[in-house]
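Visitor: Starting off with a structure, shown below.
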Amino acid sequence: MSDEQHFAQLIGETTATLRQIEADYLPATFATSLSAEDMVLLDLIQRYTPRITIFSIDTGRLHAETYELHQRIRARYGPVICTFYPPADAVERYVEGYGINGFYSSVEARQACCHARKVLPLQRALHGQRAWLTGMRREQAVTREQLPLKAFDEAHQLTKFNPLAAWREGDIWRYIHSHDLPYNTLYEYGYRSIGCAPCTRAVTVGEDLRAGRWWWEAPEQKECGLHCSAR
707 MSDEQHFAQL IGETTATLRQ IEADYLPATF ATSLSAEDMV LLDLIQRYTP RITIFSIDTG
767 RLHAETYELH QRIRARYGPV ICTFYPPADA VERYVEGYGI NGFYSSVEAR QACCHARKVL
827 PLQRALHGQR AWLTGMRREQ AVTREQLPLK AFDEAHQLTK FNPLAAWREG DIWRYIHSHD
887 LPYNTLYEYG YRSIGCAPCT RAVTVGEDLR AGRWWWEAPE QKECGLHCSA R
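Take any residue in the sequence shown, count from 1 to its spot, add 706: that is its number in the numbering used here.
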């Protein structure tokens, strides 16, 4: 099989998965962090399965470049992303207990911040859904090497799909460039995984794809709680 055939097959298989979700699992929603992977999945959903809704979580600590991308997505696709925000009282309690940047002090403190800013709004976003989709890939980190295409999410009691699980980083960028998709400009400055601004840095040659996320922690701890069963 040629490289071109492989790429076409990858797109075809992913599109088939999305159509199955739209046919059998509505209401279903796609959680996007506006990553490069998520731009591919957003585009495929808008092209082929627009009844799958899309949402993002604004933690209040995102990069300026991420907000700029959010606006460019709206200009291209329309208001297709529903944005959820963390409960103000949960953030206030976190800051009172740990400090505004307390997440650097321990894994427990960082996970508590992620819980307030990400997990709680995720619970609201998933309420009433039968399935949710992510842009996660097996290649991204040691915590995701066994990532399934489909699994039942016990924590949220619905089916979770990872339609891009088998895609490699090169496949993602090939799709982005061939379809002229908008993407976060931080990728042009050495970022390969982008989350909240205080918890994300650029990576150097040879580092893991997610080495820039919570770089002060061990690799096996680098999940925020949204995907606690990512293994």
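Just so you know, even glycine gets a beta-carbon here, dropped at the ideal spot from N, CA and C.
#1: Between the Cα of valine 911 and those of Ala857, Arg898, Leu768, spot the shortest distance and give me the residue it belongs to.
#2: Give the secondary structure of alanine 857 by DSSP, where H, G and I count as helix, E and B as strand, and everything else as coil.
#3: Could you give the distance in angstroms between the alpha-carbon of arginine 937 and the alpha-carbon of glutamine 852?
#4: Terminal residues of the continuous beta strand (DSSP E) containing isoleucine 763?
#5: Pull up the distance between the alpha-carbon of arginine 919 and that of cysteine 905, whole angstroms please.
#6: What first and last residue would you give for the beta strand (DSSP E) that runs through tryptophan 922?
#7: Would you kindly check if the distance between the Cβ of proline 792 and the Cβ of alanine 831 is under 8 angstroms?
#8: Quick one: does the C-beta of glutamine 711 sit closer than 7 angstroms to a heavy atom of the ligand PLP?
#9: Do the region 750 to 757 and the region 770 to 780 make contact, defined as three or more Cβ pairs closer than 8 angstroms?
#10: Rounded to whole angstroms, what is the Cα-Cα separation between alanine 924 and glutamine 817?
#11: Counting pairs of beta carbons, one from the region 755 to 768 and one from the region 853 to 860, are three or more of them closer than 8 angstroms?
#12: In terms of residue numbering, what span does the alpha helix (DSSP H) encompassing alanine 729 cover?
#13: Quick one, which of Met745, Ala729, Gln711 has its alpha-carbon nearest leucine 870's?
#14: Contact check, leucine 839 vs phenylalanine 809 under 8 angstroms by CB: the rounded distance?
#15: Since phenylalanine 850 and methionine 842 are thought to touch, with beta carbons under 8 angstroms apart, how far apart are those beta carbons, to the nearest angstrom?
#16: Just the Cα atoms here: how many angstroms apart are leucine 748 and glutamate 814?
#17: To which residues of the same chain is serine 935 closer than 6 angstroms at the C-beta, ignoring the five residues directly before and after it?
#18: Roughly how many angstroms separate the alpha carbons of glutamate 710 and glutamate 743, rounded to a whole number?
#19: Just reading off the beta strand (DSSP E) that threonine 735 is part of, what are its end residues?
#20: Expressed to the nearest angstrom, what Euclidean distance is found between the alpha-carbon atoms of asparagine 807 and valine 909?
#21: Consult DSSP for leucine 768 and reduce its assignment to one of helix, strand or coil.
#22: Which residue's Cα is closest to the Cα of tyrosine 769: Ile717, Arg907, Trp921?
Guide: Taking the definition as stated:
#1: Locating residue 911 in the sequence shown gives position 205, counting from the first residue. Of the listed residues, the one whose Cα sits closest to valine 911 is Arg898.
#2: By one-based count along the sequence shown, residue 857 stands at place 151. Three-state DSSP puts alanine 857 in a strand.
#3: Within the sequence shown, numbered from 1, the residue matching residue 937 stands at position 231. Within the sequence shown, numbered from 1, the residue matching residue 852 stands at position 146. At arginine 937 the pLDDT is 33, less than 50, meaning the model places this residue with poor confidence; the figure from the coordinates comes in the next sentence. For arginine 937 and glutamine 852, the distance between alpha carbons rounds to 6 angstroms.
#4: Walking along the sequence shown from the start, residue 763 turns up at place 57. Start and end: 759 to 763.
#5: Numbered from its first residue, the sequence shown carries residue 919 at position 213. Numbered from its first residue, the sequence shown carries residue 905 at position 199. Near 6 angstroms, if we compare the C-alpha coordinates of cysteine 905 and arginine 919.
#6: Along the sequence shown, one-based indexing puts residue 922 at 216. From DSSP, tryptophan 922 is part of no beta strand (DSSP E); its letter is neither H nor E.
#7: Counting from 1 along the sequence shown, the entry for residue 831 is found at position 125. Counting from 1 along the sequence shown, the entry for residue 792 is found at position 86. No; because the gap between Cβ atoms is not below 8 angstroms, this pair is not in contact.
#8: By its list of ligands, the structure shown contains no ligand whatsoever, and the ligand PLP lies outside what it can speak to.
#9: no
#10: Within the sequence shown, numbered from 1, the residue matching residue 924 stands at position 218. Within the sequence shown, numbered from 1, the residue matching residue 817 stands at position 111. Those two C-alpha atoms are separated by around 13 angstroms.
#11: no
#12: By 1-based counting over the sequence shown, the position of residue 729 is 23. It spans 709 to 730 - the alpha helix (DSSP H) in which alanine 729 sits, taken as one unbroken run.
#13: As a working mapping, residue 870 is identified with position 164 in the sequence shown. Nearest option by C-alpha distance: Met745.
#14: By 1-based counting over the sequence shown, the position of residue 839 is 133. By 1-based counting over the sequence shown, the position of residue 809 is 103. Wrong, their Cβ atoms sit about 27 angstroms apart, outside the cutoff.
#15: Within the sequence shown, numbered from 1, the residue matching residue 850 stands at position 144. Within the sequence shown, numbered from 1, the residue matching residue 842 stands at position 136. One detail in the question is off: residue 850 reads as arginine in this sequence, not phenylalanine. About 6 angstroms separates the two Cβ atoms, so the contact holds.
#16: The residue you call residue 748 lines up with position 42 of the sequence shown. The residue you call residue 814 lines up with position 108 of the sequence shown. Whole-angstrom Cα-Cα distance: 33 angstroms.
#17: Position 229 of the sequence shown, counting from 1, holds the residue named residue 935. Model confidence at serine 935 stands at a pLDDT of 44, short of 50, so the residue's coordinates are unreliable; what they give is reported in the following sentence. Nothing listed; no residue qualifies.
#18: To locate residue 710, count along the sequence shown from 1; it is residue 4. To locate residue 743, count along the sequence shown from 1; it is residue 37. About 19 angstroms.
#19: Position 29 of the sequence shown, counting from 1, holds the residue named residue 735. Unbroken beta strand (DSSP E) run through threonine 735: 734 to 737.
#20: Locating residue 807 in the sequence shown gives position 101, counting from the first residue. Locating residue 909 in the sequence shown gives position 203, counting from the first residue. Approximately 22 angstroms between the Cα atoms of the pair.
#21: Within the sequence shown, numbered from 1, the residue matching residue 768 stands at position 62. Looking at leucine 768 - three-state DSSP - the assignment turns out to be strand.
#22: For the purposes of this step, residue 769 is taken as residue 63 along the sequence shown, with counting starting at 1. In the sequence on display, residue 769 carries histidine and not tyrosine. Looking at the Cα atoms, Arg907 is the closest of the given residues.
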